[in-house]
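Undergrad: If you scroll down you'll find the structure; I have some questions about it.
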Amino acid sequence: MLQILPMLLLETQLSMVSALFTVEVPQQLYIVEYGSNVTMECRFPVNGSLNLGLLTVVWEQKRQGQSKSKEVYTLRNGKAFSLSQHHDYIGRATLLHSELKLGRALLQITSVKITDAGSYLCLIDYQGVDYKYITLEVKASYKRINTQVMRKQGEDKFGFMCQSEGFPLADVFWQNAKNFNLSGSANTTYTLTTDGLYNVTSILTFKPSMSENYSCVFWNKELNEETSAHISTLGSYHLGLAQDREYFYTHHVL
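Numbered by mature numbering (1 follows the signal peptide of the UniProt record, and there is no 0), the letters in the sequence shown go through residues -19 to -1, 1 to 235 in order.
What follows is the structure, given as structure tokens:
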């Protein structure tokens, strides 16, 4: 009985030390732009000078709907452990070692992808074990809208095409100079790129008019962002004349 008592006291002391060891996160949500860099932080008590050989830091990512986590970065007993790092993060994710002595485990991810979004686990093992979760959201604005005017040979109808890439999926609206909604005459489709972006293409079919201007509007509801492009039918009219002249020259002159 006398021998068991010291063991119970030791276990109680270790439990108290572990309970005092707490990982904290100064920011629980990070929202970043696609292609940019992000640095996420969790903090832990150093209690004086850091003994790097006793420190283990694990960062893992889990996306909604996925059962398995991805290992983003692991520092084991003060040394980087890259054998189990997920291939998505090789060369892009690193731990800022210079900040560890201050009790800051900073994970830096460069060239952020859509697939980087999710919940990140930060686990610290240093004279106690604790962990916290951080959420990363990635947005990709529909900044650049590519436009094109198309005409089917032999018909008096034109097609205006607007195309852009972004995330999340945007709605596309069409309107004329009088702000009449013409979206019902448009055909909008989308595909997913290898980077997880939505490639959205919308085509509005119309008859040419010398005095009409059109706009395509990409509305990203989740980000509350709107991007638009303007196209003039004047250019379409001249394009039609040029195509008619080319058709006449090819079929009648030659």
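All residues carry an ideal CB built from backbone N, CA and C; glycine is no exception.
If you're wondering where the values come from, they're calculated on a predicted model, not measured in any experiment.
If distances are taken between C-alpha atoms only, which option among F148, G165 and K159 comes closest to T172?
TA: When only C-alpha atoms are compared, the closest one is F148.
Undergrad: Which parts of the segment 20 to 84 are runs of the beta strand (DSSP E), unbroken and 3 residues or longer, counting only runs that do not cross its ends?
TA: As far as the segment 20 to 84 is concerned, its whole beta strand (DSSP E) runs of at least 3 residues are 37 to 43, 51 to 57 and 74 to 76.
Undergrad: Would you call the segment 135 to 145 and the segment 17 to 35 touching, i.e. three or more CB-CB distances under 8 Å?
TA: Too few Cβ pairs lie closer than 8 Å, so no.
Undergrad: Give the secondary structure of I184 by DSSP, where H, G and I count as helix, E and B as strand, and everything else as coil.
TA: Looking at I184 - three-state DSSP - the assignment turns out to be strand.
Undergrad: Between which residues of its own chain and L(-15) is the CB-CB distance below 8 Å, once the five residues before and five after are set aside?
TA: The pLDDT assigned to L(-15) is 40, lower than 50, so where the model puts this residue is not dependable; a value taken from the coordinates is nonetheless given after this. Cβ within range, chain order: n/a, list empty.
Undergrad: As a quick exercise: from F199, Q45 and E193, pick the residue whose alpha carbon is nearest that of C143.
TA: Per the Cα distances, F199.
Undergrad: In the DSSP assignment, find the beta strand (DSSP E) that holds R132 and state where it starts and stops.
TA: Counting along the chain, the beta strand (DSSP E) containing R132 begins and ends at N127 to R132.
Undergrad: Can you check which of these residues, K60, G72, F62 and K120, is closest to G177 by C-alpha distance?
TA: Cα-wise, what sits closest to G177 is K120.
Undergrad: Going by other Cβ atoms of all chains shown within 10 Å of its Cβ, with 16 needed for buried, is Y101 buried or exposed?
TA: Result: buried.
Undergrad: Can you list, in chain order, the residues of its chain with a C-beta nearer than 8 Å to that of R73? Leave out the 5 residues immediately preceding and following it.
TA: If we look at R73 and ignore the five residues flanking it on each side, its Cβ neighbours are I90, T91 and S92.
Undergrad: Let's test the definition: count the other Cβ atoms within 10 Å of the Cβ of S79 and tell me whether it reaches 16, buried, or not, exposed.
TA: Exposed, since its Cβ has fewer than 16 Cβ neighbours within 10 Å.
Undergrad: The beta strand (DSSP E) spanning T170 covers which residue range?
TA: Start and end: A167 to L173.
Undergrad: So what's D137 in DSSP terms, helix, strand or just coil?
TA: In the structure shown, D137 sits in coil (DSSP, three-state: anything other than H, G, I, E or B).
Undergrad: Check whether the Cβ atoms of G109 and K43 lie closer than 8 Å to each other.
TA: No. Outside cutoff.
Undergrad: If you draw a straight line from the alpha carbon of V27 to that of K82, how long is it in whole angstroms?
TA: So the alpha carbons of these two residues sit roughly 7 Å apart.
Undergrad: Quick check: the Cα distance between V153 and N168, rounded to an integer number of angstroms?
TA: Cα to Cα, the separation comes out at about 10 Å.
Undergrad: In the DSSP assignment, what are the bridge partners of S209?
TA: S209 pairs with V198.
Undergrad: Please return the same chain residues whose Cβ sits closer than 6 Å to the Cβ of S164, not counting the five positions on each side in sequence.
TA: Closer than 6 Å at the Cβ level, and outside the excluded window around S164, lie F154 and W155.
Undergrad: Would you mind reading off the limits of the beta strand (DSSP E) that contains L204?
TA: No beta strand (DSSP E) holds L204; DSSP gives it neither H nor E.
Undergrad: Consult DSSP for S100 and reduce its assignment to one of helix, strand or coil.
TA: Of the three classes helix, strand and coil, the one that applies to S100 here is strand, per DSSP.
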